[in-house]
Amino acid sequence: MPLIMILYYVICAYLAGMLLWNFIREKKSVNDMLLYLLVMIPLILRILRVK
Amino acid sequence: MSRVWIVKSILLLVIIAMMAVAGTQLYKHRHFKMPVVAGLGVTKVAKLSDYIEGLKGTVADTNVFFLEGKEEGGKILIIANTHANEPAAILSALIFVENAVVDKGTLIIIPEFNNSAGRNTRPGDGYPLYFKIPTDWGSKKFRMGNRDASPLDQWPDPDVYVHYPEKQLLSFLDVRNTNRTWPGRPKGPLMEQVTYGAMQIMRQEKVDIAVDIHGAETMFPVTNCIVAPTKSMRIATMTSLTVKSRERFENHVEPSPSGFRGLSHREIGDYSDALPFLLEAPLPFLDQPTGPKTVDLLLDGKDPFLLSLSKKKKLFVPYDETGWPMEKRVGQHCSVVLEIVRQYSRKFPDKAIKLRNVPRYADVVQNGVGHYYHDPNKANKADVYFN
Numbered sequence: 001m002p003l004i005m006i007l008y009y010v011i012c013a014y015l016a017g018m019l020l021w022n023f024i025r026e027k028k029s030v031n032d033m034l035l036y037l038l039v040m041i042p043l044i045l046r047i048l049r050v051k
Numbered sequence: 001m002s003r004v005w006i007v008k009s010i011l012l013l014v015i016i017a018m019m020a021v022a023g024t025q026l027y028k029h030r031h032f033k034m035p036v037v038a039g040l041g042v043t044k045v046a047k048l049s050d051y052i053e054g055l056k057g058t059v060a061d062t063n064v065f066f067l068e069g070k071e072e073g074g075k076i077l078i079i080a081n082t083h084a085n086e087p088a089a090i091l092s093a094l095i096f097v098e099n100a101v102v103d104k105g106t107l108i109i110i111p112e113f114n115n116s117a118g119r120n121t122r123p124g125d126g127y128p129l130y131f132k133i134p135t136d137w138g139s140k141k142f143r144m145g146n147r148d149a150s151p152l153d154q155w156p157d158p159d160v161y162v163h164y165p166e167k168q169l170l171s172f173l174d175v176r177n178t179n180r181t182w183p184g185r186p187k188g189p190l191m192e193q194v195t196y197g198a199m200q201i202m203r204q205e206k207v208d209i210a211v212d213i214h215g216a217e218t219m220f221p222v223t224n225c226i227v228a229p230t231k232s233m234r235i236a237t238m239t240s241l242t243v244k245s246r247e248r249f250e251n252h253v254e255p256s257p258s259g260f261r262g263l264s265h266r267e268i269g270d271y272s273d274a275l276p277f278l279l280e281a282p283l284p285f286l287d288q289p290t291g292p293k294t295v296d297l298l299l300d301g302k303d304p305f306l307l308s309l310s311k312k313k314k315l316f317v318p319y320d321e322t323g324w325p326m327e328k329r330v331g332q333h334c335s336v337v338l339e340i341v342r343q344y345s346r347k348f349p350d351k352a353i354k355l356r357n358v359p360r361y362a363d364v365v366q367n368g369v370g371h372y373y374h375d376p377n378k379a380n381k382a383d384v385y386f387n
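Protein chains in written order, with our numbering: chain A, 1 to 51; chain B, 1 to 387.
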């Protein structure tokens, strides 16, 4: 796997981590909670090399 | 547990369930192995990585079937699934792999050329993940792929794809399109390595004819045709005229544009001694103004919106209530390949190729495509190959 592809997965993991952190910190808006989780889907699928 | 955490837990479970359902389907699709029964004519099966080291162990590696005659003659290479969302190509190639017998010359077949694209899909367009072809012993299941290789295997895309070696600027997507990356290079992006591997087969095996099988929209002018550069034009024209007069189907000839780089019918001719031909059969499934992209549309090509457009003369092929069934498309490909071989053998008798046991247009239309596939469960296990 080329270095740039490895960096891409690192970026994906970082963004997924930030979204998860925001999801945990969110206390009021259910909409925002749902949005954080939805945005995480493609990142998780990419990290798992599914899609 | 507070109310907030109850809501969060429910949301998390719903999203995980959605991801698991969709992810499992996509994972299974990517790892689905399709059996191919090597027919009596197959003398050896190689891998594309035998011709380019860099593909070994990657998803882009694929099977290469050799059917060698007892008598020396010319050599033909058939490439299918360059675009894995044009399935008449692989269906035609498998008819040759499972049935053809070569008496003179050599037939080389790569049924799943862009193996990565065959494991990719287009969920945004509602592509089905699989389709089944009815056979005499049940049905044979195929993966429905995409036009381009999966980003899981080649990433990132550039802003603009600079073609090698002509330096023409192409769409960024074309870096994953194996009909834009010809002639390729050994250390380039993965899809350039795939096309380079095929060029190495042509150079090392001294291939005389290269046929790349495709499908195209009915609203696209380059459809239902043979695309050929100047060096292949005579044989393409004779083939077109002969199938029209003898087998009663249209397959006109389109010249390969010299200024449009990266295509098989252009670069194979320019960078090897082989005569390239690109075959296009109509594929209503690819047209934009259709109903849902269902398996039925893929297989029978019937669509009310295209029928309406046909009545307004907006299509480039004849189209009526019968659509464009898969049997017609595969039958055309089989007949055109056989006719190219016959015309080549007439022109170069010292390099003639003699093939038998391959059905022609009328046979496939009458018997169906699946009639020519063998049951992998009843075949000798040593003859079953998976891609």
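Even glycine gets a Cβ: it sits at the ideal position worked out from N, Cα and C.
* What alpha helix (DSSP H) runs, 4 residues minimum, are completely inside the stretch 169-219 of chain B? -> The qualifying runs are 190-204.
* Let me know the secondary structure DSSP gives GLY17 (chain A) once reduced to three states. => One-based indexing of the first sequence puts residue 17 (chain A) at position 17. Helix.
* Per the contact definition of three or more C-beta pairs closer than 8 Å, is the stretch 333-352 of chain B in contact with the stretch 229-236 of chain B? -> yes
* Asked: Going along the chain, which residues of its own chain have a beta-carbon closer than 7 Å to the beta-carbon of PRO397 (chain B), five neighbours each way excluded?
  -> Lying before the first or after the last residue shown, residue 397 (chain B) is absent from chain B, which here runs from 1 to 387.
* Quick one: list the residues of chain A neighbouring MET19 (chain B), beta-carbon separation under 8 Å, in chain order. => Taking the first residue of the second sequence as position 1, residue 19 (chain B) is located at position 19. Residues of chain A whose Cβ lies closer than 8 Å to the Cβ of MET19 (chain B) are, in chain order, ILE41, ILE44, LEU45.
* Which residue spans inside the stretch 306-369 of chain B form an unbroken alpha helix (DSSP H) run of at least 4? -> 326-347, 361-367
* To do: Could you give the DSSP three-state label for ILE52 (chain B): helix, strand or coil?
  => Start at 1 with the first residue of the second sequence, and residue 52 (chain B) comes out as number 52. Coil.
* Asked: Helix, strand or coil: which one does DSSP assign to GLU254 (chain B)?
  -> Your numbering for residue 254 (chain B) matches position 254 in the second sequence. Three-state DSSP puts GLU254 (chain B) in a strand.
* Asked: Run through DSSP, which three-state label would PRO35 (chain B) get?
  -> One-based indexing of the second sequence puts residue 35 (chain B) at position 35. In this structure, PRO35 (chain B) counts as strand in the three-state DSSP scheme.
* Asked: What in chain B is Cβ-close to ILE4 (chain A), meaning under 7 Å?
  -> The residue labelled residue 4 (chain A) in the question sits at position 4 within the first sequence. Near ILE4 (chain A) (Cβ distances below 7 Å), the residues of chain B are PRO156.
* Thinking just about the alpha-carbon of each residue, which of B:LEU278, B:LEU91, B:VAL194, B:TYR344 is nearest to the one in ALA149 (chain B)? -> Taking the first residue of the second sequence as 1, we reach residue 149 (chain B) at position 149. Cα-wise, what sits closest to ALA149 (chain B) is B:VAL194.
* Taking the alpha-carbon positions, what's the ILE41 (chain A) to VAL160 (chain B) distance? -> Residue 41 (chain A) sits at position 41 when you count from the first residue of the first sequence. Residue 160 (chain B) sits at position 160 when you count from the first residue of the second sequence. A straight line joining the alpha-carbon of ILE41 (chain A) with that of VAL160 (chain B) spans about 28 Å.
* Could you tell me how far apart the beta carbons of GLY41 (chain B) and ALA352 (chain B) are, in whole angstroms, since I believe they sit closer than 8 Å? => By 1-based counting over the second sequence, the position of residue 41 (chain B) is 41. By 1-based counting over the second sequence, the position of residue 352 (chain B) is 352. 17 Å between Cβ atoms; not a contact.
* Cutoff 7 Å; reference PRO376 (chain B); Cβ partners in own chain excluding five residues on either side -> Within the second sequence, numbered from 1, the residue matching residue 376 (chain B) stands at position 376. Cβ within range, chain order: PRO35, VAL37, VAL384.
* Asked: Sorted by chain position, which residues of the same chain lie with C-beta nearer than 6 Å to LYS141 (chain B)'s C-beta, five sequence neighbours on each side aside?
  -> On the second sequence, residue 141 (chain B) is found 141 positions in, with the first residue counted as 1. Same-chain partners within the cutoff: TYR130, LYS132.
* To do: Output, in chain order, the set of chain B residues within a Cβ distance shorter than 8 Å of ARG49 (chain A).
  => Position 49 of the first sequence, counted from the start, is the residue given in the question as residue 49 (chain A). Contact of ARG49 (chain A) with chain B by beta-carbon distance below 8 Å involves LEU152.
* LYS75 (chain B) versus ARG356 (chain B) - alpha carbon distance -> The residue labelled residue 75 (chain B) in the question sits at position 75 within the second sequence. The residue labelled residue 356 (chain B) in the question sits at position 356 within the second sequence. Each residue's alpha carbon lies about 15 Å from the other.
* **chain B contact residues for TYR14 (chain A), given Cβ-Cβ distances below 9 Å** => Mapped onto the first sequence, residue 14 (chain A) falls at position 14. The premise fails here: TYR14 (chain A) is roughly 16 Å from chain B at the closest Cβ pair, so nothing lies under 9 Å.
* Tell me, please, whether the CB atom of ILE6 (chain B) is closer than 8 Å to any CB atom in chain A? => To locate residue 6 (chain B), count along the second sequence from 1; it is residue 6. It does not; no Cβ of chain A falls within 8 Å.
* Compare the C-beta of ASN52 (chain B) with all C-beta atoms of chain A and state if any pair is closer than 8 Å. => Residue mapping note: residue 52 (chain B) aligns to position 52 of the second sequence, counting from 1. The question names Asn, but residue 52 (chain B) is Ile in the sequence shown. No, ILE52 (chain B) does not count as interfacial toward chain A.
* DSSP on TYR130 (chain B), reduced to helix/strand/coil? -> Taking the first residue of the second sequence as 1, we reach residue 130 (chain B) at position 130. Strand, per DSSP.
* To do: Compute every distance between the C-beta of LYS293 (chain B) and the non-hydrogen atoms of the ligand GTP, then say whether any falls below 7 Å.
  => Absence of the ligand GTP from the depicted structure is noted, as is the absence of any ligand whatsoever, leaving it without description.
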